[in-house]
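Residue numbers (the working numbering): 27 to 808.
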């Protein structure tokens with residue numbers, strides 16, 4: 027029979043009869059599981075002067091008994107653009123791929139092995155051309171199934187061309203943990219509340235009985251099984267919620283069987299928590315596509331996306347959860363706050379899911395992995411698909427030391443406030459440079475290789491050379507991406523902007539654009555399979571030349587360039603001059619330049635990538651200051667943001683100084699809530715492994731002694747207490763600190779004042795002025 031289905035999740039069963047598992051939804055809206063087969067294999071290349079045929083017998087005789095070699099064939103491929111004759115060795119069990127690579131690389135005459143480090147199902151998807159989150163058709167044999175239909179593939183799936191996704195059942199969730207120490211130890215601290223909301227708005231909350239959470243976890247598992255969602259969404263759920271539930275259930279002896287096949291979730295590739303047969307998406311990862319949201323908290327993201335919850339906003343700091351839970355009159359506030367947050371989670375998911383689906387389609391990575399994986403891995407998976415389609419061997423990943431190179435050109439600004447500033451940037455500058463100059467690992471010409479000048483492009487400053495012909499691997503991929511995006515945008519012109527199809531295509535073209543622009547960053551990643559330092563170095567050099575020429579053209583048009591960074595320029599906004607300037611830049615440099623934003627006012631600190639502007643719509647755009655960092659206490663970020671707002675909106679230094687003084691007085695009087703004084707740090711290794719005892723390490727050690735549990739990846743919140751010892755020795759976990767123990771002088775001197783002075787020092791304000799009760803004369807900013 028024929029089957030048409032949309033691929034939701036991908037898995038594998040290894041062993042002597044390996045299979046790929048394709049979970050999806052058919053055109054009748056039924057959930058399906060398709061088993062398909064694929065032969066594990068790798069490629070062996072000979073050393074120079076060694077014939078590939080002479081290696082045949084040696085490779086065949088290298089068979090491993092637990093996973094015998096089933097075939098060895100001579101095939102023709104390309105390696106970095108050059109034709110190469112090699113061997114393709116097939117074997118039974120994909121788990122033995124690295125074993126074969128190590129064994130075969132030791133054979134005399136063998137230069138290397140390729141594609142042994144690619145996951146089995148990834149290779150299947152790339153070679154067969156199966157794309158996650160897309161519709162496919164194939165012939166199948168039914169194998170029964172109750173909650174979902176099971177099929178065995180008789181042919182490999184082929185793209186069907188249908189674009190609209192099926193209706194996906196969503197489930198948003200979050201947990202609240204009772205942790206007096208704040209360490210969140212699943213072997214000690216119960217999950218007192220699990221809040222859920224379905225895609226159709228049904229809210230269910232599963233409460234612990236006092237501190238006994240067995241029933242709550244069991245009820246949650248039953249609910250997931252009954253509702254049977256396709257997509258489960260949380261916020262920070264890869265790092266916390268799901269992992270905590272898994273470990274807590276294990277400690278309690280409760281089966282946490284929320285996978286579609288009745289098994290339990292597990293941590294998989296890229297550190298994502300895999301829920302088999304469903305797609306688990308952590309919105310914290312998905313929010314990486316929102317560079318405008320500097321500090322990625324749930325509420326910041328919701329505010330940016332204009333997502334609102336039906337439940338009222340209730341603030342309950344998680345440090346207060348134990349007290350609220352144990353106080354009958356306050357307990358309901360935890361339920362209200364949790365309901366509000368889980369409704370935000372669902373609302374954000376509905377906004378971001380189309381983008382995540384598009385990223386999965388463009389990169390070829392499964393839906394639950396694509397946003398958890400780094401940008402480099404997304405680009406690389408896309409490149410591997412292109413390589414397989416064109417017969418190009420995928421290089422093995424090699425561990426390399428970081429190789430720094432000069433990046434983009436920066437014209438640093440003079441500190442101060444400027445009015446009416448236009449920001450213009452190049453549309454996909456680096457991809458267009460790579461296409462224009464055919465920059466690619468396979469077109470690079472080494473210094474000792476002899477070629478004529480008219481055969482190569484020569485990068486400025488660094489003098490790296492790249493062949494003009496034939497088109498390199500990167501150029502072919504980038505040109506294809508740009509063509510695909512152009513075709514999508516042409517289709518959009520024929521569709522009503524408010525239609526679902528228009529929205530679908532818009533998300534697709536955005537994903538294509540994002541991936542296109544990410545290729546240059548991939549070039550400079552030393553972990554890349556196609557890494558070549560000269561490629562990144564040359565592209566950056568051409569980029570610097572481009573910006574310098576752009577500045578020259580701006581000055582020719584009488585425009586003052588206030589700041590330039592990598593691929594954008596900040597200029598005084600004279601509309602008629604800006605338009606003429608843009609036209610000349612495009613005609614001279616053959617690169618498209620477009621307006622990005624206009625600031626009513628912008629404050630430059632004098633350092634690169636550190637400025638704040640007031641946009642036309644009245645919002646603040648802050649780049650590089652502590653207000654957008656998570657490793658400063660909330661009070662410092664709050665002060666700095668308010669100071670920036672005052673100097674940009676009212677241009678009154680006296681007002682800003684008086685505001686800071688009022689905060690200093692409040693800190694000194696102990697009127698600032700403890701949670702605003704907490705400094706949060708993430709442990710990169712277990713506390714005992716640190717040699718330098720920084721404040722957060724000292725606090726972590728104390729928390730462990732108090733019964734807490736911390737490991738690499740855990741967050742530790744600490745407060746500096748009174749005393750005469752050095753600062754690190756006075757760092758205590760916030761859960762062990764009483765308000766009267768806080769060293770208010772430390773917070774005034776080391777947090778509030780420095781945060782404010784990052785801005786105010788540029789207007790002649792001295793630290794001493796912030797400590798005076800009366801403001802000096804009013805200063806107007808120029």
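Glycine included, each C-beta is placed from N, C-alpha and C at the ideal position.
Residue 30 carries a strand assignment under DSSP once its states are collapsed to helix, strand and coil. Between residue 778 and residue 662, the gap from beta carbon to beta carbon is short of 8 Å. In this structure the segment 418-426 lies against the segment 140-157, because at least three pairs of beta carbons, one per stretch, are closer than 8 Å. At least 8 Å separates the beta-carbon of residue 34 from that of residue 468. When only Cα atoms are considered, residue 492 and residue 553 end up about 22 Å apart. Of the other Cβ atoms in all chains shown, 16 or more fall within 10 Å of the Cβ of residue 202; this residue is therefore buried. Nearest to residue 264 by C-alpha distance, out of 773, 399 and 481, is 399. Around the beta-carbon of residue 379, 16 or more other beta-carbon atoms lie within 10 Å, marking it buried. The closest CA to that of residue 151, considering only 397, 440, 386 and 436, is found on 386. In the structure shown, residue 643 falls within a coil segment according to DSSP collapsed to helix, strand and coil. In the same chain as residue 336, and ignoring 5 residues on each side of it, the C-beta atoms closer than 7 Å to its own belong to 369, in chain order. Rounded to whole angstroms, the separation of the alpha carbons of residue 731 and residue 756 is 16 Å.
CA-CA distance, residue 321 to residue 377, rounds to 19 Å. With a minimum length of 4 residues, the unbroken runs of alpha helix (DSSP H) contained wholly in the segment 311-360 fall at 324-331 and 347-352. As computed with DSSP, residue 249 is found in no beta bridge at all. Between residue 319 and residue 538, the C-beta spacing is not below 8 Å.
A Cβ-Cβ contact shorter than 8 Å links residue 309 with residue 260.
About 26 Å separates the CB atoms of residue 410 and residue 569; that is not less than 8 Å, and the two are not in contact. In this structure, the straight-line span from the alpha carbon of residue 111 to that of residue 498 is close to 20 Å. The C-alpha of residue 535 lies about 44 Å from the C-alpha of residue 78. Of the other Cβ atoms in all chains shown, 16 or more fall within 10 Å of the Cβ of residue 274; this residue is therefore buried. If only uninterrupted alpha helix (DSSP H) runs of at least 4 residues are considered, those enclosed by the segment 135-208 are 146-154. The shortest C-alpha to C-alpha distance from residue 446 to any of 403, 426, 601 and 416 is the one to 601. Residue 568 carries a helical assignment under DSSP once its states are collapsed to helix, strand and coil. When only Cα atoms are considered, residue 765 and residue 149 end up about 57 Å apart.
Residue 397 and residue 198 have their C-alpha atoms spaced approximately 17 Å apart.
By the Cβ criterion, the segment 183-197 is in contact with the segment 47-63, since at least three pairs of Cβ atoms, one from each stretch, lie closer than 8 Å. If you check the CB distance, residue 81 and residue 70 come in under 8 Å.
Assignment of alpha helix (DSSP H) within the segment 701-787, counting only whole runs of 4 or more residues, yields 721-731, 770-773 and 779-786 in chain order. In the structure shown, residue 602 adopts helical secondary structure according to DSSP, grouped into three states. In this chain, the alpha helix (DSSP H) harbouring residue 532 covers 526-549. Three or more Cβ pairs drawn from the segment 475-486 and the segment 561-580 lie within less than 8 Å of each other, which places the two stretches in contact.
For the pair residue 786 and residue 557, the Cα-to-Cα distance works out to about 44 Å.
In this structure, 341 is the residue among 505, 613 and 341 with its C-alpha nearest to the C-alpha of residue 356. About 11 Å separates the beta carbon of residue 76 from that of residue 113, a gap too long to meet the 8 Å contact definition. The three-state secondary structure of residue 393, taken from DSSP, is coil.
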